[in-house]
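Working notes for the structure below.
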Ligand SMILES: [Zn+2]
Ligand SMILES: [Zn+2]
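Residue numbers (my numbering), protein chains in the order written: chain A, 6 to 287; chain B, 6 to 287; chain C, 20 to 343; chain D, 20 to 343.
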């Protein structure tokens, strides 16, 4: 990857690396990989092509040209249910903040992708499994509203286990809130492009994830509404090969294309330039 | 059926009855039925419930309250391809005119159904298999245009073997023409209700037949795009039970309801009154 | 097994006894009035004891009570209901019923999630769990309501979307996401009634509206307690605990500002007086609609936007190092 | 077996001979110029003999020639083509390809019916016969074109809709009917190119537009000759006769006012000079678009209405007894 951009260096909180500092095991082929090499290869296994889950900041560094102007950076959950199970929800959040260097499961802001100005939101599966609670819903909505004001396209990169249980029905309502924002944005004739990465399920796939005008899936990503475990437990029958993989969804007509990580920025740039090109007089 | 209404008596051409004058054999159960009884029973077999194909004029008599103001009554085909095979197309037409008492495979006009004023078009399978050529396309279009002018709902009762081969691509273009009329009509917020009767296939099912806001299928009707024979010849495998029946289509989500002939007028009246009722201020 | 059925058993027995006595009282010459009065008093006490302080888990079971009125009970109470079938794409989904009807003299379109009354019926209705084709039928009906300027009334009662192979293959994410989008921008009034169980995206798919009514003992949740427990702790057996934590009761949802109105139920639940509950629910729906039909479509959609825009709970930290 | 392949065999042999001689001429010291000139003369004569007066049935086979340029050949000749997949409902149909590209510097959406190049490819493409999901993908792309104010360009090349069980189960009537309706009202310019075979509703589904271009040796018909013969005489074997009667050639369609422009092909067919044919077709498309993009959407849709409104052939009789 390129040297750390300015916007990233400005962030005061840094992630605390989990597990082995130097080595990483490929989930798909079992290969032991040197982390520094892996980062250079955009976290794609050089042996089998497996796409590792990417941290939001790494994804932004991958996609944004130069600067990234973060929005709503300091929003944090209000813990509406005052949830607590094995530990208080607030503590879980604090733990994930430390590990991830993020305040929540999404980073949103304005930047250029391959020269085109966009609103960009990137979810982070390492923060509470990328679940959507009040803050994710609010930040997606704020991003879309700001992009609407500036008449910019929006790119949302999803990675999510669904709605955040610890915020109960208020988390569920973030589907409605973000949808309302997408619908209003869409009425202005502005494009939403979604990039579904591993994994995208539940409330995020069932709201803005599948509301894109163009829907791109990252190679090998697991995408669906219900998680595999829930389906297994409910129907207890063998799942078809490749079930819920990006490629499976392409065949089933659900996504426009499946793109490898190395090509993602190029493809996004192409789509964005096409949609931004001088249009027929309306 | 009720005594012959005035509008029907005004017609100078009368159909020449085909086959046995007194008796009819049920296609479904084989029962020999007295034609006069059968007509009283709306041409539904009293033994097995089979719905005989209905002549357009009988259908209009069944649906219209009192008067029916026919439109474009004297349109006849221009025979654009000057078609001839075992005999000239013009002769085939002349033969069907004699047998059916109709000039073409559809009758269109204005009337009331259960008190609601509508534009009504009824196809006749006994005229060239209810195929759509220039005249059917033109009459459907004229009906929709007139209904649009008067802001009336339109009810189209289909019965068709598809596009009329003898008019070639000009017949095909009637799908485009009638569709354009439906689309413009629809943009005015006016309702189109289609009633698919036995059989409705090909160009008619693939245009206005399935463009209804509400789609009603008559019980037992065969409905589809490709005819059974063509499918049989192409794929040579066993067809599912009830394939292309009205009930099969209901299960497959294609039609809103399946209605018995005796209930059709009542159901249409109900739908029409609902759609004509005082609306929310727009 | 529904825990409410066990709980209400002594009460039902006592009530049967009272009914017997009342019959005797009418037909025999002996006067049982005093005994009846005493038993009725006892029944009132018992009812209070049983239902006066239900746990969230018990309330979940009350919302799932097999005799609780279902969507079609409400819809059939409207005049002139005509069912419209199918998504025009793949299949007619019996877990979602839809059509048109009149609420008083107001022509409306309706959509409801329909559970079964018995095992056979439940297999047919897939226990009220829609497939993608159900959400797509709902979208079709929403668009009809918009085109013909009729209000839309929905009835939510589902454990959630169906976690099955076909449902995933045919894109239930897309189907729900699109239903939400259509509802968000629909230029006609929408009144939502949560009548039983409101579970996850399967509920919300017909849950975006201008006025959200909830029955007192209905539940509405980000996921069914079983699913939530499975997601949170990989143990569906801890559903009772999840029910407790999820804050899924009508009073809590009203406090959160998620719902706009609660229809009170008799002590013991809606199934103890279905007719009244149905009338009250339709009455509340009607009052809401009478207000909403006066708004211009643009205003309606704008207010709906603001309504959902507000929902959330977040704070702004002073600095991102506040995380430390 | 394609009848054109037999017909063109002597010509191809002669041309191979000429090519050989030319090579010899360059490498050897003997001068073959005269022989070459004579053979080239003969080839020209032969070509004229073979192709100068094709029967309609032979023209059907020319339109189906295995080396004739296919939709993706035209689409790939555009700059920056990106394929977009799927109907978002059920499946991605390989018989219809769609996406966006640039025609010169004009951003456009494209939809094409795609046959296979060989047996394996044809099985994958279902011989260019779409399923309902193909027409539904087409509708999705049409709506994208409208939303983003980009013109739509289509390429027709199909024997027709697929007569199969799944296609009927999933409502191919509805799928075609809806595609027609979307195209009829689409508020962006549409240019249609009939490049090979235009058969029945399967062709028309992407055939409603503002300017209809047809290649000289393409065919466009209410049904494939085989299907028409089967429908008319219950005998697909009489396809040749049907081809003769159906009036499916470009000059006849131009006379009928069904198409607006013919792109001439070299004697022998488009496959004898694919590059030129593709360039000419895209050039014609571009000229049409340059004119169409200047129209306001309302005017565009109105003109499209009038364009199809006119098509038909009927007379008004003096009296209905005229039938006698
Ligand atoms: Zn690997
Ligand atoms: Zn019978």
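Ideal Cβ placement from N, Cα and C applies to all residues, glycine included.
Spatial distance of residue i from residue j (CA atoms)
i: residue 130 of chain C; j: residue 249 of chain D; result: 45 Å
i: residue 350 of chain C; j: residue 245 of chain C; result: Here chain C covers residues 20 to 343 and nothing more, so residue 350 of chain C does not appear.
i: residue 52 of chain B; j: residue 32 of chain B; result: 12 Å
i: residue 39 of chain B; j: residue 58 of chain B; result: 16 Å
i: residue 119 of chain C; j: residue 240 of chain C; result: 28 Å
i: residue 314 of chain D; j: residue 95 of chain B; result: 42 Å
i: residue 192 of chain D; j: residue 47 of chain B; result: 28 Å
i: residue 286 of chain B; j: residue 219 of chain B; result: Any reading at residue 286 of chain B is ruled out, since the residue's pLDDT is 45, under 50, leaving its predicted position unreliable.
i: residue 326 of chain D; j: residue 143 of chain A; result: 49 Å
i: residue 343 of chain C; j: residue 102 of chain A; result: Note on residue 343 of chain C: pLDDT 42, under 50, position unreliable in the model; the coordinate value appears next. Residue 343 of chain C and residue 102 of chain A: Cα-Cα distance of roughly 8 Å.
i: residue 114 of chain A; j: residue 124 of chain C; result: 50 Å
i: residue 285 of chain D; j: residue 292 of chain D; result: 7 Å
i: residue 108 of chain A; j: residue 83 of chain A; result: 12 Å
i: residue 61 of chain C; j: residue 215 of chain C; result: 29 Å
i: residue 141 of chain A; j: residue 224 of chain A; result: 24 Å
i: residue 42 of chain C; j: residue 280 of chain B; result: 50 Å
i: residue 122 of chain B; j: residue 213 of chain B; result: 20 Å
Amino acids of chain C, ordered along the chain, whose beta-carbon sits closer than 8 Å to that of residue i
i: residue 142 of chain D; result: Those within 8 Å of residue 142 of chain D in chain C number zero; the least Cβ separation is about 22 Å.
i: residue 295 of chain D; result: Neighbours of residue 295 of chain D on chain C: none; closest Cβ ~42 Å, over 8 Å.
Where residue i meets chain C, residues with beta-carbon distance less than 7 Å
i: residue 329 of chain D; result: Near residue 329 of chain D there are no residues of chain C at all, since even the closest Cβ is about 29 Å away, more than 7 Å.
i: residue 282 of chain B; result: 126
Closer than 7 Å at the beta carbon, the chain A residues around residue i
i: residue 272 of chain C; result: 174
i: residue 171 of chain D; result: Correct list: empty, because the minimum Cβ distance to chain A is about 10 Å.
Contact under 7 Å by Cβ, residue i with residue j
i: residue 206 of chain D; j: residue 260 of chain D; result: no
i: residue 75 of chain D; j: residue 262 of chain D; result: yes
i: residue 127 of chain B; j: residue 64 of chain B; result: yes
i: residue 221 of chain D; j: residue 180 of chain D; result: yes
i: residue 164 of chain A; j: residue 206 of chain A; result: no
i: residue 221 of chain A; j: residue 264 of chain A; result: yes
i: residue 113 of chain C; j: residue 136 of chain C; result: no
i: residue 282 of chain D; j: residue 208 of chain D; result: no
Coil, strand or helix - residue i by DSSP
i: residue 136 of chain A; result: coil
i: residue 8 of chain C; result: Lying outside 20 to 343, the shown extent of chain C, residue 8 of chain C is not represented and no answer is given.
i: residue 290 of chain C; result: helix
i: residue 74 of chain B; result: strand
i: residue 80 of chain D; result: helix
i: residue 287 of chain A; result: Residue placement at residue 287 of chain A is poorly supported in this model, since its pLDDT is 42, which falls under 50; the coordinates are not used for a value here.
i: residue 109 of chain B; result: coil
i: residue 206 of chain A; result: coil
i: residue 72 of chain C; result: coil
i: residue 28 of chain B; result: strand
9 Å Cβ cut-off: residues of chain C touching residue i
i: residue 276 of chain B; result: 101, 119
i: residue 255 of chain B; result: 104, 105, 111
Closer than 8 Å at the beta carbon, the chain D residues around residue i
i: residue 90 of chain B; result: 251, 252, 260, 264
i: residue 143 of chain B; result: 331, 333
i: residue 82 of chain B; result: 332, 333, 334
Contact list for residue i against chain B, beta-carbon separation under 9 Å
i: residue 166 of chain C; result: 191, 194, 196, 218
Chain-ordered neighbours of residue i on chain D, where CB pairs are closer than 7 Å
i: residue 118 of chain B; result: By Cβ distance, chain D contributes nothing, its closest Cβ being about 23 Å from residue 118 of chain B, past 7 Å.
i: residue 25 of chain A; result: Ordered by position in chain D, no residue passes the 7 Å Cβ test against residue 25 of chain A, which lies about 39 Å from the chain.
Amino acids of chain A, ordered along the chain, whose beta-carbon sits closer than 8 Å to that of residue i
i: residue 184 of chain C; result: 236, 240, 242, 244, 245, 248
i: residue 108 of chain D; result: 258
For ligand 2, enumerate in chain order all residues having a CB closer than 6 Å to any of its heavy atoms. B:31, B:33, B:34, B:36, B:50, B:52, B:53, B:55
Quick one, which residues of the stretch 223-244 of chain D are near chain E if we go by CB-CB under 7 Å, in chain order? In the structure shown, chain E cannot be found, because the protein chains are A, B, C and D.
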